[in-house]
Structure formats: C-alpha cells, structure tokens
C-alpha cells in the first residue's frame, strides 16, 4: 500500500480530538478588519454568553439542534461563522448554509466567509483561493478535504433540495418566506439532514411578530435557556429584563438596572464582571435534541450598544408602532403583538376628536394629500393634513355621487383638488399629491384622469396581492402603444402594501397625542369611524405557515379606511422628492413664506370607456 494511501487510511481511523467550537475559535479564529469592528484573534471571553450555544454544536455534545433567538448585533452570526469554520477544519462533512435570499447568501460568501478563510491560516490551508482555476472555491460552494459547504437562499427551492448534509446553518429564519408550492423553507432544509445520526443544526434570528415568528416557535419547543448573571450588590442571579432598566425622566444616559432581589441599582460598567460569571439556565425540560437560547440587548458587552443608547432608542420609538416593533424585535429579542384592530374602535376614536373646523388645517399641518376611492356609483375622497413625524389630521371627507364612466363626477373631483384650504395661522394650503384607486372600478377612466394630471401629482395606485409588501412600491408604466412599447409620458401605476399600511395606521390610532398621532375634527361622525374601523386582522394557516391578513367585517363599508390608506401612500410618494431628515422643516418654511401654488388641473374630463355592446 503506498504511503499516501496508508496515511489517509490511518487518518480516517483516528478519532477526532475532543475540541469544542469555542476552544477551536479561541485557538485559531481570526477576525478580519473587513468584516469586524474588533479585528484580531477571536476571544470568547468578550461575549461569554456565546460559549454554551457554540459548544452545543461540538461533536462531543448530544445536542442536535441549537436555536438562538438573539438581539441584533449580539454575535449570533459570528457564532454561526465559528461553527462553519469548526466543521471545515475539525469535523469535515457535507454542510448547507442558508440565508433568507440568494443575494444575502452571496453577501455572506463575499464579505464574511472569504475574509474569514483568508485571515484564518487553518482554513486557508484547506480551501484554495477563489481566484485559482479549479479551486473548488466558488461563490456558492466551498470544497475542503472531507466535505463541502453549499450556500443558498431560502427563496430557492432548488438550493434547498440539494444533496444530503450533516451540518445545517440557517440564519435569520424569520426573514424567510414560504416557497410557492413547496412550503416552509426551514422544514425543507432540515429534511436534508435526516440520514445523518450525528447531525448538527443551527437556527438563528431576531424575532418578528407574535404568532408568526418562526424563531420564537422553535425556541418555545426547546428547553428555553436564559442567561443569568449575578447582582454586583447582593450576588443573586437573575436574567436581565427590559422593565427593570430605570432612568431619570428625559435623561436616558442615566440608565441603570434595578436588581429584582435587593432593589439596588447598578450601572452597566459592572457587566465586565457580571457576564463572565453568568450561566445559562433552562426554563423547560431538555428533550435530548434541541437547546434554545434567548438573549436581549441588555447583555451587549461594553463598547457595543449601551444601556443609555437602548433607553434613548426606546424613547424615540415608543409612540411610533413601526419603530417600536423594530426596537422590540432587534433590541429586546422579543416578538411584537400587532393586534391593533381589536384595540381601536369607533367609540374610542369619537372620544378623542379635536375641536377644529371641517376644511380647516390645524396648527402643525404643512402638507396636504388626498386619497380617492372609486365605486360603481360614486367617488369618495379624503383630504389629510400632515406634519412633523407624519402626524396626521383629517381635513375633509366627501362622497361625489355619479357614474365614474361619465365625465361629471370627475369634474366634481377637480373642484375638490383645486380647493385652497385655510390654516389656523392665516395661510392656505393646496393638495400636493393625490392617489387614486384603480384596482377594481373604472380602471380605464382612472388612468385617463391621472394621465392628464401627471404634473399636478395625481397618480393611480393599486393594492398589492403579495404578502409583506412594502408600503409603497416602485412605479411602473402601464401605458403602451399598439406595438407594445411603453409610452414615455404615459401613466405610472404604484403598488401599495395595503396590509402593511393598515398595520401602521391602526397602531398610530391607539396613541392620543404626540408625534405620529392621528387626529380627527368634530366633523367626523360615527358612520365615518365605523368605516375607518371596518376591518380586523385574522390569523390563518397555509401549508402550516401562519398568515395574518386584514379582512372586512360582514356587510360593513370601508371606504373611509381605503381613502386614508391612499392618502398615506400619497404622502409617502411626495416625501420621495425631499430630503428625509429636513422634509417637515422645509415644508414649514415654505408654508410660512406663502410659497404654496394652487393645484392647477386641466379641465379636460376623463375619456369614457367605449362599450363593446354599444359599438355594434
């Protein structure tokens, strides 16, 4: 037997060294300046809470699945990178690394993995440079002695149906969407590991919405481990929780933690001793397979997100549902409840009305937009005023009776849109942006109306059927000539994530005052509020995947809500023209100077649609 063959045979029989993932990382891992704020040798002592989750991924651990529900920038992705490096160097085998999208997989490969391989000699010895010919090191595949690492996105069914793998790393699983016709990407990927008795699976993510968060679901099925640290004053162990962070009013920089046992308060500089002395404690029995870990931003090492910064972030976000959700998800590593519809009702909104006249813009309004809903026998239009922080005031709501296929009702709309609206400060405002619904009734007439008023800010919109769509998508030309080519000056259609907008608006309607609040005058009656609250969120399951959707109550009308959604979309569209940071200040200065030109509309009515029947 040749010596090379003999050596390979004997190496295959030699048992693996009892080295854990954290020990390997401390010994060999190098952090690159390209991908890390703290380049140099890896030190688990810097983030001691990562030691146990990483060591559960070691070969000598009985754990098969590790679930990490961590806050953002807490080191969970670096723990995943250490796991990948450990496999390449110490326990080779087939491995699958899944990111939410193909683009994110490409970014991970270029920014993290390549730099980790180049800067860690133990890895660069086993994986050839990507630029060399036939290196086996490509964007989505890394070959090494004894195994291969494949990278893919959860949006690729082909990638998830690849060859069986012993190791699986899925990062940010809450950002992964159901694959059309395939189902849950996490389940699809885990099936690739079923033939391996000593498999290792790592699932990481920041959580999202309650009842919809996949990482929370996996965590609740685990042994639910929390990191306990000793109090500097009394020594009692506890896991840090957000309600116990205290600070002086309007002084977030004074934030301190209150011990749940002795009630003493201490500053975050004590984390230097607290974190290394901490330990993970499970809140549920271990089933022999899955270990779950939850960690919030209060544990971030010194030099990362401070307690004062967390308190400041909270104060900035607490009155804005979208910002508050981001804070709860990314800073506290907790799911966020979005059941706003159950907490907003017509009677409650009636009670919070303000005393300003219909058609008058209260102090604070610096921008007007309108939303137009098209029905079979009428148009309904709402005029909304906007101010700093997207604070909103209802200015006007009106029904314009008439057949949308005829010209008269559109002439009535022209008169509304050309109106100058008085402010409480003696100025006047005109409507700057109009969003007109083209999704169901008289689509042709809507396009014609908007086409003749492009320069006046009148655009057609349509609700998107895709789940989790952005509030306002990019515009797309819908006018084409007889050759099928896009007409340059044709109408541009904007798709709306109506569910996304409704979630935001219902969240803001819960707040009575402050930036981002939604305000109504005495002209808004109970019928208006009944329409505004005519929809509620419903939870249903599709292929085992939870879906939250907005549904209209039986026999209820919702035109007021639709008009509000469209007016909000119009505000978002107009805001694209101005610098985000100074937008409201600039608009206020413009109003003060009196530089508000009326909305000049062409008097040409929309062309009625030709009837196929009447053409005979």
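In my numbering, the protein residues as written are 38 to 653.
C-beta: ideal position from N, C-alpha, C; glycine also.
Asked, Found
"Endpoints, alpha helix (DSSP H) assigned at residue 103", "Run containing residue 103: none in the alpha helix (DSSP H); it sits in the beta strand (DSSP E), 102 to 107."
"Alpha-carbon to alpha-carbon, residue 132 and residue 246", "30 Å"
"Beta carbon proximity, residue 601 to chain B, threshold 9 Å", "In the displayed structure, chain B is absent; only one protein chain is listed."
"DSSP beta-bridge partners of residue 407", "420, 471"
"Distance between residue 361 and residue 606 (C-alpha atoms, nearest Å)", "21 Å"
"Residue 553 to residue 353 span [Cα, whole Å]", "11 Å"
"Span separating the alpha-carbon of residue 333 from that of residue 600", "40 Å"
"Proximity of residue 566 and residue 311 at Cβ, strictly below 9 Å", "no"
"Segment contact, 8 Å Cβ cut-off, at least three pairs: the stretch 61 to 68 with the stretch 284 to 297", "no"
"C-alpha distance - residue 374 paired with residue 585, whole-angstrom precision", "12 Å"
"CA-to-CA distance, residue 449 to residue 596, given in whole angstroms", "18 Å"
"For residue 281, the three-state DSSP class (helix, strand or coil)", "helix"
"Any alpha helix (DSSP H) of 4 or more consecutive residues that is wholly inside the stretch 366 to 397", "383 to 388"
"Outcome for residue 469 when other beta-carbon atoms lying within 10 angstroms are tallied against a minimum of 16", "buried"
"DSSP state of residue 562 mapped onto helix, strand, coil", "coil"
"Start and end residues, beta strand (DSSP E) containing residue 178", "178 to 181"
"Same chain, Cβ closer than 6 Å to residue 237, neighbours up to 5 away in sequence not counted", "94, 204"
"Contacting residues, own chain, Cβ-Cβ under 6 Å from residue 123 (five flanking each side not counted)", "58, 61"
"Opening and closing residue of the beta strand (DSSP E) in which residue 319 lies", "316 to 319"
"Reduced DSSP category for residue 270 - H, G, I as helix; E, B as strand; rest coil", "coil"
"Residues near residue 192 in its chain [Cβ-Cβ closer than 6 Å; skip 5 each side]", "138"
"Counted within 10 angstroms of its Cβ, other Cβ atoms place residue 381 as buried (16 or more) or exposed", "buried"
"Nonlocal neighbours in the same chain, by C-beta distance under 6 Å from residue 459, ignoring five residues either side", "397, 465"
"Local Cβ density within 10 Å of residue 207, reported as buried at 16 or more and exposed below that", "buried"
"For residue 556, three-class secondary structure by DSSP", "strand"
"Top-ranked residue by Cα proximity to residue 315, from 107, 613, 269", "269"
"Per-residue DSSP class, three states only, for residue 412", "coil"
"Proximity below 9 Å, CB of residue 370 to CB of residue 244", "yes"
"Backbone CA spacing between residue 234 and residue 87 [nearest angstrom]", "25 Å"
"CB-CB length for residue 497 against residue 475, believed under 8 Å", "4 Å"
"Residue 55, buried or exposed, once every other Cβ within 10 Å from all chains shown has been counted against 16", "exposed"
"6 Å CB neighbourhood of residue 301 in its chain, flanking five on each side removed", "270"
"Residue burial classification, residue 299 (beta-carbon count within 10 angstroms, cutoff 16)", "exposed"
"Between the CA atoms of residue 90 and residue 120 - distance to the nearest angstrom", "10 Å"
"Inter-residue Cα distance where the pair is residue 555 and residue 356", "11 Å"
"For residue 641, three-class secondary structure by DSSP", "Since pLDDT at residue 641 reaches only 41, below the 50 mark, its modelled position is unreliable, and the value read off the structure follows with that caveat. Looking at residue 641 - three-state DSSP - the assignment turns out to be coil, as it is neither helix nor strand."
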